[in-house]
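Asks: Please read through the structure below; I'll follow up with questions.
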Amino acid sequence: MKKNGKLIFAVITAGVLALSGCGDGGSIEGTWVLTEEIEADGNKIDSKELEEMGIAETYVISGTEVKYTCEAALLKKPIEMTFTLEELGDNKYSFRFGDSFDFATVEVKGNTMSYEAGEEDPTKMIFKRQK
């Protein structure tokens with residue numbers, strides 16, 4: 032009888048954890064920090080180089096709200112924008128500005144979020160989930 036009780040407890044615990052969204056990458060919600068850029072020619076800019084250049088980009092996502100902050104050495108103050116999150120399926124999302132402008136279409140794989148910026152010679156922007 033004790034074994035059955037332990038088994039039932041284990042199954043219930045696993046079910047509760049699965050439904051609570053615990054784990055990494057089960058949701059886009061959280062804080063995402065720019066860690067790497069890959070330019071169209073293949074040149075990579077890592078987090079150390081970004082820091083040396085004074086560049087920091089962050090997304091804080093909660094519900095359908097996406098708050099973006101960009102800090103750069105050349106800017107007098109940070110750029111802050113708010114977007115609306117739209118789920119597209121297959122771990123892809125759109126960050127919409129207003130009713131008709133898609134700022135970015137992002138893809139989430141585990142604790143990595145990425146998108147391409149720029150139409151000609153796009154740069155791949157790679158963000159990591161902050162823990």
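The sequence shown begins at 32 in the numbering used here and counts up one residue at a time. All C-beta atoms in this analysis are idealised placements derived from N, C-alpha and C, irrespective of residue type, glycine included.
Taking the DSSP output, what are the residues bridged to Glu68?
Replies: Counted from its first residue, the sequence shown places residue 68 at position 37. For Glu68, which the question treats as bridged, DSSP gives the partners Ile76, Met156.
Asks: Kindly indicate which residue of Glu82, Lys98, Arg127, Ile86 has the alpha-carbon position closest to the one of Lys107.
Replies: Along the sequence shown, read from residue 1 onward, the residue named residue 107 stands at position 76. Ranking Glu82, Lys98, Arg127, Ile86 by Cα distance to Lys107 puts Ile86 first.
Asks: Measure the beta-carbon distance from Glu68 to Thr154 and round it to whole angstroms, keeping in mind my assumption that it falls under 8 Å.
Replies: Taking the sequence shown and counting its residues from 1, the one referred to as residue 68 is at position 37. Taking the sequence shown and counting its residues from 1, the one referred to as residue 154 is at position 123. Confirmed, Cβ separation roughly 5 Å.
Asks: Output the distance between the C-alpha atoms of Leu201 and Lys123, rounded to the nearest integer angstrom.
Replies: There is simply no residue 201 to check, as the chain begins at 32 and stops at 162 in what is shown.
Asks: What residue does the beta strand (DSSP E) around Ile104 start on, and which one ends it?
Replies: The residue labelled residue 104 in the question sits at position 73 within the sequence shown. Checking the sequence shown, residue 104 turns out to be Ala, not Ile. Looking at the DSSP string, Ala104 is not in any beta strand (DSSP E), and its letter there is neither H nor E.
Asks: Taking all protein chains shown into account, decide if Ala135 is buried (16 or more other Cβ within 10 angstroms of its Cβ) or exposed.
Replies: As a working note, residue 135 is residue 104 in the sequence shown. Flag for Ala135 reads buried.
Asks: Is Tyr90 near Thr66, with beta carbons less than 9 Å apart?
Replies: Mapped onto the sequence shown, residue 90 falls at position 59. Mapped onto the sequence shown, residue 66 falls at position 35. Not closer than 9 Å, so no.
Asks: Using a 10 Å radius around the Cβ and a threshold of 16 neighbouring Cβ atoms, would you call Met156 buried or exposed?
Replies: Walking along the sequence shown from the start, residue 156 turns up at place 125. Classification of Met156: buried, given that the 10 Å Cβ count is 16 or more.
Asks: Quickly, what does DSSP pair Lys140 with across the bridge? List them, please.
Replies: Residue 140 sits at position 109 when you count from the first residue of the sequence shown. According to DSSP, Lys140 bridges with Thr143.
Asks: Exposed or buried, Glu88, counting other C-beta atoms within 10 Å across all chains shown (16 or more means buried)?
Replies: Taking the sequence shown and counting its residues from 1, one reaches residue 88 at position 57. Per the 10 Å Cβ criterion, buried.
Asks: Out of Val64, Ile110, Leu105, Ser93, state which residue places its alpha-carbon closest to the alpha-carbon of Leu79.
Replies: The residue labelled residue 79 in the question sits at position 48 within the sequence shown. One detail in the question is off: residue 79 reads as Lys in this sequence, not Leu. Residue Val64 is the option with its Cα nearest to Lys79.
Asks: Check for me: the beta strand (DSSP E) holding Glu118 runs from which residue to which?
Replies: Your numbering for residue 118 matches position 87 in the sequence shown. Looking at the DSSP string, the run of the beta strand (DSSP E) that includes Glu118 is 110-120.
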